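Here our numbering is used: the first residue of the sequence shown is 46, the next is one more, and so on.
In what follows, a structure is listed as structure tokens, so that the remarks can point back to it.
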Amino acid sequence: MNAPFKAPTTKAVDFLDGLFDAGLLMRTGVDGVYGRAGIFEEVIDRFEALVTRAAVGDGATRIHFPPGMPRRMLEKSGYLKSFPQLAGCVHSFMGNERDHAQLLAMLEKGEDWTELQQATEVVLTPAACYPLYPTVAAQGPLKPAGALFDLKSYCFRHEPSQDPARMQLFRMREFVRLGTAEQVTAFRQSWLDRGERLIAALGLPCVVDLANDPFFGRAGKMLANNQRDQGLKFELLIPVASDDKPTACLSFNYHQDHFGSLWGLQFEDGEIAHSACVGFGLERTALALFRHHGTDVEAWPDEVRSLLWA
Ligand code: ATP
Ligand code: ZN
Ligand code: MG
């Protein structure tokens, strides 16, 4: 690793260059798709362990899904209505030998060979919780206490950027609560409190603010306003690549009965379940730690080190 740096910059590009120079991230040639150094991964592991400790006693059921999910599931989820610009569908070659020869010829000539590919049944998971709702619905009605899940997934969003905190492939740790409106909003409130305490204990400056998702198009503006008016989404923001525009590192979402009614998630008496999820952006939190404490983890403040390397 090169000399450690503290990034007082407000320019995302400079900050990204500093991360490359320090060897923490590696370029691949595509914005938002990076290799990560071992120490970057270790910081993520340590942060995750801290999150796990903060959730001890909650009794969440851990489930891990792969980073791809059934295309049908995404189609039914409404994601393409709200965020068509972010979705990623896996395509594959399904032709015969003649088609293959054509593909190789196109590749050779620098032509667009991808038109010889077809959509598979797999899409890339856009948020860790998307595959959960239909999976739980298939397990039968919810108990009166509802349910709580602990998830982690690589996620894909087509939002290439030179802001290192806006990756195309990144990991999300999520807790998802299913239950009555009261149960799930109490869950969200408890994580708003815990999340802020946890980030403050790591010596990171943060604010919690009302937020909205980037709904597509003109109709999307209305959806975004609605989401704000109803207080459905909050974010915990930390200055990462920019001081003026801090980055959402944790998100706290209340979906009302949207996923419950979509997937038929209900209690034994037929009442539709509400849901809420709390998402931790793992790369973003790691970037925030490197931004504020420097690239040399050995030189991080003692209180931060002892918390992470407990
Ligand atoms: P933003 O407003 O910055 O686009 P978001 O509202 O899209 O964030 P969510 O959809 O709530 O974020 O995703 C949950 C968490 O995943 C976020 O709090 C963030 O930490 C992380 N995240 C979201 N998009 C990205 C990305 N492109 N790169 C890295 N992490 C991300
Ligand atoms: Zn979620
Ligand atoms: Mg986003």
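Glycine residues also receive a C-beta, built at the ideal position from the N, C-alpha and C atoms.
As the structure is a prediction and not an experimental result, all values here were calculated from the model.
For this session: Alpha carbon to alpha carbon, how far is GLU313 from SER206? Give it in angstroms, no decimals.
Result: Start at 1 with the first residue of the sequence shown, and residue 206 comes out as number 161. Start at 1 with the first residue of the sequence shown, and residue 313 comes out as number 268. When rounded, the distance between both Cα atoms is 46 Å.
For this session: Starting from the N-terminal end, write out each residue whose C-beta falls within a distance shorter than 7 Å of any non-hydrogen atom of the ligand ZN.
Result: ALA172, ALA173, CYS174, GLU219, VAL221, ASN298, CYS322 and GLY324
For this session: Using only the heavy atoms of the ligand MG, determine whether one of them is closer than 7 Å to the beta carbon of PRO259.
Result: Your numbering for residue 259 matches position 214 in the sequence shown. Yes, Cβ of PRO259 sits closer than 7 Å to a heavy atom of the ligand MG.
Exercise. In its own chain, which residues sit with a C-beta less than 6 Å from the C-beta of ALA52, not counting the 5 before and 5 after it?
Worked result: The sequence position of residue 52 within the sequence shown is 7, counting from 1. The predicted position of ALA52 is uncertain, since its pLDDT is 46 and thus under 50; a value taken from the coordinates is nonetheless stated next. For ALA52, where only same-chain residues beyond five positions count, the Cβ hits under 6 Å are PHE60, GLY63 and ARG336.
For this session: Answer yes or no: the CB of SER296 versus the heavy atoms of the ligand ATP, is any distance below 7 Å?
Result: Along the sequence shown, one-based indexing puts residue 296 at 251. Yes, since a heavy atom of the ligand ATP falls inside the 7 Å radius drawn around the Cβ of SER296.
Exercise. Is the beta carbon of GLU204 within less than 7 Å of some heavy atom of the ligand ATP?
Worked result: Reading the sequence shown from its first residue, position 159 is the one you call residue 204. Proximity of the beta carbon of GLU204 to the ligand ATP is indicated: a heavy atom of the ligand is located closer than 7 Å.
Exercise. Among GLN272, PRO176 and LEU249, which has the Cα closest to the Cα of PHE260?
Worked result: For the purposes of this step, residue 260 is taken as residue 215 along the sequence shown, with counting starting at 1. Considering only alpha carbons, the answer is GLN272.
For this session: Using DSSP bridges, identify the partner residues of SER235.
Result: In the sequence shown, the residue the question calls residue 235 occupies position 190. BP columns for SER235 are empty, so no partner.
Problem set entry | Residues of its chain near VAL349, where Cβ-Cβ distance is below 7 Å and the 5 sequence neighbours each way are ignored | Counting from 1 along the sequence shown, the entry for residue 349 is found at position 304. Result list for VAL349: LEU247, GLY248 and HIS338, in chain order.
For this session: Out of ILE317, ALA321 and VAL78, state which residue places its alpha-carbon closest to the alpha-carbon of TRP12.
Result: Outside the shown range of the chain (46 to 355) lies residue 12, about which nothing can therefore be said.
For this session: Just grab the DSSP bridge partners of GLU219 for me.
Result: Your numbering for residue 219 matches position 174 in the sequence shown. In DSSP, GLU219 forms a bridge with LEU196 and GLY324.
Exercise. Can GLY265 be considered in contact with the ligand ATP, in the sense that its beta carbon sits closer than 7 Å to one or more heavy atoms?
Worked result: Walking along the sequence shown from the start, residue 265 turns up at place 220. No.
Exercise. Beta-carbon separation of ALA99 and PRO209 under 8 Å?
Worked result: Taking the first residue of the sequence shown as position 1, residue 99 is located at position 54. Taking the first residue of the sequence shown as position 1, residue 209 is located at position 164. Result no, Cβ atoms of ALA99 and PRO209 do not sit closer than 8 Å.
Problem set entry | Between the CA atoms of THR106 and GLN163 - distance to the nearest angstrom | As a working mapping, residue 163 is identified with position 118 in the sequence shown. As a working mapping, residue 106 is identified with position 61 in the sequence shown. If I take the Cα positions, the gap works out to 36 Å.
Exercise. So what does DSSP say about MET46, is it helix, strand or coil?
Worked result: The sequence position of residue 46 within the sequence shown is 1, counting from 1. Interpretation of MET46 is limited by its pLDDT of 39, a score under 50 that renders its predicted location unreliable; no figure is taken from the coordinates.
Exercise. Exposed or buried, which one is VAL342 when buried takes at least 16 other CB atoms within 10 Å?
Worked result: On the sequence shown, residue 342 is found 297 positions in, with the first residue counted as 1. With 16 or more Cβ atoms within 10 Å of its Cβ, VAL342 is classed as buried.
Exercise. Do three or more CB pairs link the segment 146 to 161 to the segment 210 to 226 at distances below 8 Å?
Worked result: no
Exercise. Would a C-beta distance cut-off of 8 Å place ALA318 and GLY224 closer than the cut-off?
Worked result: As a position in the sequence shown, residue 318 is number 273, starting the count at 1. As a position in the sequence shown, residue 224 is number 179, starting the count at 1. The answer is yes: Cβ separation under 8 Å.
For this session: Using the Cα positions of ARG218 and GLU93, report the straight-line distance between them to the nearest angstrom.
Result: The residue you call residue 218 lines up with position 173 of the sequence shown. The residue you call residue 93 lines up with position 48 of the sequence shown. Straight-line Cα distance between these residues: approximately 8 Å.
Exercise. Which whole runs of the alpha helix (DSSP H) in the segment 65 to 131 are 4 residues long or more, in chain order?
Worked result: 83 to 99, 116 to 122 and 124 to 127
Exercise. Between ASP347, PHE232, VAL88 and GLU86, which lies nearest to ASN298 when the distance is taken from Cα to Cα?
Worked result: Within the sequence shown, numbered from 1, the residue matching residue 298 stands at position 253. The shortest C-alpha separation from ASN298 is found at PHE232.
Exercise. Mapping DSSP to helix, strand and coil, what is PHE201?
Worked result: Taking the first residue of the sequence shown as 1, we reach residue 201 at position 156. In the structure shown, PHE201 sits in a strand (DSSP, three-state: E or B).
For this session: Leaving aside the five residues before and after GLY77 along the sequence, list all residues of the same chain whose C-beta is less than 8 Å from its C-beta, in chain order.
Result: Within the sequence shown, the letter at position 32 stands for residue 77. Cβ neighbours of GLY77 beyond the five flanking positions: GLU204, PRO205, SER206, ARG211, MET212, GLN213 and LEU214.
Exercise. Which residues in the same chain have their Cβ closer than 8 Å to the Cβ of TYR79, if we skip the five residues on either side of it in sequence?
Worked result: Your numbering for residue 79 matches position 34 in the sequence shown. Taking TYR79 as the centre and dropping the five residues before and after it, the same chain places the C-beta of LEU70, MET71, ARG72, THR73, PRO209 and MET212 closer than 8 Å to its C-beta, in chain order.
For this session: Report all residues from its chain with a CB closer than 7 Å to the CB of GLY185; omit the five preceding and five following residues, and keep chain order.
Result: Taking the first residue of the sequence shown as position 1, residue 185 is located at position 140. Same-chain partners within the cutoff: there are none.
Problem set entry | Three-state secondary structure (DSSP) of HIS319 | Here residue 319 corresponds to residue number 274 of the sequence shown, with the count starting at 1. HIS319: strand per DSSP, three-state reduction.
For this session: With DSSP collapsed to three states, give me the class of GLN373.
Result: In the structure as shown, the chain begins at 46 and stops at 355. Residue 373 is therefore absent and cannot be evaluated.
Problem set entry | According to DSSP, residues forming a beta bridge with THR292 | Taking the sequence shown and counting its residues from 1, one reaches residue 292 at position 247. DSSP output for THR292 lists ILE283 as bridge partner(s).
Exercise. For the candidate residues ASP157, LEU95, VAL168 and TYR178, whose alpha-carbon lies nearest to that of ARG117?
Worked result: Taking the first residue of the sequence shown as 1, we reach residue 117 at position 72. Between ARG117 and the set ASP157, LEU95, VAL168 and TYR178, the nearest pair of CA atoms involves VAL168.
For this session: Identify whether ALA173 lies in helix, strand or coil by the three-state DSSP scheme.
Result: The residue given as residue 173 occupies position 128 in the sequence shown. Residue state, collapsed to three classes: coil.
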